[in-house]
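Numbering (UniProt numbering), first residue to last: 1 to 358. Even for Gly, the Cβ is constructed at its ideal location relative to N, Cα and C.
Below you can see the structure in the form of structure tokens.
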């Protein structure tokens, strides 16, 4: 009991001492600053510290005034005010009201508002200002660091096995999903306002091989019979019930896409998808194409698959940008049929794919 009381007394003692040490803060007006500075010079004081003690003025405050003395004495604001003006952040965008009106107009119709849209607005209406602004910015090229310790370990093993292969005979394969509607994940909205978006909005020696599109549908159905023939040539299209790479689709890929590109013994780098590493795939690649399948380590594609970072990431980002551009140029709430959406999705992906540097 006595120990607890002693502790309480100690806490109270420390609290009281801290309260005693607190200094009362006094806010000086413009008139008071000018009067004290003028009085100091008229009194011909030699010791600034003594002057501060006599006037009960904090020496650190006085030092700040002395540094800005010319500005204080020349300031034209009213003597009763405590500030000299020009406080707050400097306005970087002189047309902020116009930009805010544009944002509110888009949000008023429950449409996405991203930095992309703001930049498009500035490009259209304030290009001269944007040109001058960009000249003041230093743009540094950021190199994408792909390798880390895990990657280096796998890379060392990989090149020990396949270092004798010509680079044109090393083929890297990966899949990614694409949709007609590829909106961004977030939108800008005013504080306290709804962020709801309308349904219409939500919806080395290196060579790129042709794209292989797997569309969701019934094999042998309407899509396969009537639509595939209207798609852009130069790429390959197949219909699968879940738009998934199964053993049948994988076999077709090896025959239709890979075979024409293989002119010698090659190595096919794939992830651990079942159809990629199946015995049937290994046998087909070995017997038909005289090549070998090399699977990535399990659960490591994000680190060891260069396509994940170097191609698929930029591809998805560029697809979202392309979707935003299309959406921004649409007039009203256009309705698209499923067939139109499939064709638009294919064309958009091909267009973006061509922009990726090989």
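Rounded straight-line distance, which links the Cα of residue j to that of residue i
i	j	result
residue 330	residue 321	14 Å
residue 179	residue 111	Confidence at residue 179 is low in this model, with a pLDDT of 49, below 50, so its placement is unreliable and no value can be given for it.
residue 35	residue 97	41 Å
residue 137	residue 131	10 Å
residue 29	residue 59	17 Å
residue 240	residue 157	36 Å
residue 316	residue 336	22 Å
residue 328	residue 334	12 Å
residue 323	residue 291	39 Å
residue 260	residue 210	11 Å
residue 348	residue 125	27 Å
residue 102	residue 208	41 Å
residue 282	residue 212	20 Å
residue 100	residue 250	51 Å
residue 76	residue 47	29 Å
residue 221	residue 229	13 Å
residue 287	residue 127	60 Å
residue 217	residue 244	11 Å
residue 49	residue 129	51 Å
residue 166	residue 91	57 Å
residue 109	residue 164	60 Å
residue 95	residue 40	46 Å
residue 161	residue 289	19 Å
Residue nearest to residue i in terms of C-alpha spacing, selected from the options
i	options	result
residue 68	84, 125, 55 and 92	84
residue 93	134, 240, 280 and 289	134
residue 294	77, 276, 351 and 48	276
residue 224	350, 343 and 101	343
residue 352	311, 57 and 91	311
residue 219	46, 208 and 242	242
residue 326	40, 26, 120 and 54	120
residue 234	350, 289 and 340	350
residue 355	74, 314 and 338	314
residue 73	38, 127 and 55	38
residue 215	57, 339, 53 and 55	339
Integer Cβ distance of residue i from residue j, believed to fall under 8 Å
i	j	result
residue 265	residue 117	Between residue 117 and residue 265 the Cβ distance is about 51 Å, and since that is not below 8 Å, they are no contact.
residue 305	residue 296	6 Å
residue 254	residue 285	7 Å
residue 278	residue 227	Residue 278 to residue 227, Cβ: 29 Å. No contact.
Secondary structure of residue i, DSSP reduced to three states
i	result
residue 209	coil
residue 236	strand
residue 168	helix
residue 314	helix
residue 137	coil
residue 37	helix
residue 223	helix
residue 73	helix
residue 215	strand
residue 334	coil
residue 268	strand
residue 256	helix
residue 294	strand
residue 81	coil
residue 244	coil
residue 229	helix
residue 51	helix
residue 45	coil
residue 58	coil
residue 204	Only weak support exists for where residue 204 lies, its pLDDT of 44 falling under 50; the value from the coordinates is given anyway. Residue state, collapsed to three classes: coil.
residue 352	helix
residue 281	helix
residue 188	Residue placement at residue 188 cannot be trusted, given a pLDDT of 48 that sits under 50; what the coordinates show is reported in the next sentence. If DSSP states are grouped into helix, strand and coil, residue 188 belongs with coil.
residue 142	The predicted model places residue 142 with a pLDDT of 36, which falls under 50 and marks its position as unreliable, so this point remains unresolved.
residue 28	coil
residue 359	What is shown of the chain runs 1 to 358, which leaves residue 359 out entirely.
Beta-carbon spacing of residue i, residue j below 7 Å
i	j	result
residue 171	residue 268	yes
residue 33	residue 65	yes
residue 238	residue 252	yes
residue 107	residue 113	yes
residue 122	residue 231	no
residue 270	residue 236	no
residue 51	residue 45	yes
residue 31	residue 79	yes
residue 27	residue 82	yes
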